[in-house]
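Report on the following structure.
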Amino acid sequence: MDIKELYINIDKYMNEEVTICGWIRNHRKQKDFGFIDFSDGTYFKHLQVVYDNSLENFEEITKYHIGSAIKVTG
Numbered sequence: 002m003d004i005k006e007l008y009i010n011i012d013k014y015m016n017e018e019v020t021i022c023g024w025i026r027n028h029r030k031q032k033d034f035g036f037i038d039f040s041d042g043t044y045f046k047h048l049q050v051v052y053d054n055s056l057e058n059f060e061e062i063t064k065y066h067i068g069s070a071i072k073v074t075g
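Under the working numbering, think of the first position of the sequence shown as 2, with each following residue one higher.
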């Protein structure tokens, strides 16, 4: 799936689990959570990915840099 499809059909995917691949445009890390501005190049709007320390790989995610390619499921 791409971000353009997600934005165009937002009602269809509401409360559904989706997987997207793309690049980190910005990454704001906090002590217990973080925000990733995510883009795959298909749409002018970015997607905000929010993560918290309940994830088993939280520490690894906090080390991701701008420009890193990632796959997100949520």
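Cβ coordinates follow ideal geometry from the N, Cα and C atoms, glycine included.
Is the distance from the Cβ of residue i to the Cβ of residue j below 8 Å?
i, j, result
"Ile67", "Tyr52", "no"
"Ile4", "Asp41", "yes"
"Gly75", "Glu17", "no"
Would you kindly work out how many angstroms separate the C-alpha atoms of residue i and residue j, rounded to a whole number?
i, j, result
"Met15", "Leu7", "9 Å"
"Lys30", "Lys64", "9 Å"
"Ile9", "Val73", "19 Å"
"Ile71", "Met2", "14 Å"
"Ser69", "Asn58", "16 Å"
Mind checking residue i: buried by the 16 CB within 10 Å criterion, or exposed?
i, result
"Phe45", "exposed"
Run through the DSSP bridge pairs and tell me what residue i is partnered with.
i, result
"Asn27", "Asp38"
"Val73", "Ile21"
"Leu48", "Phe39"
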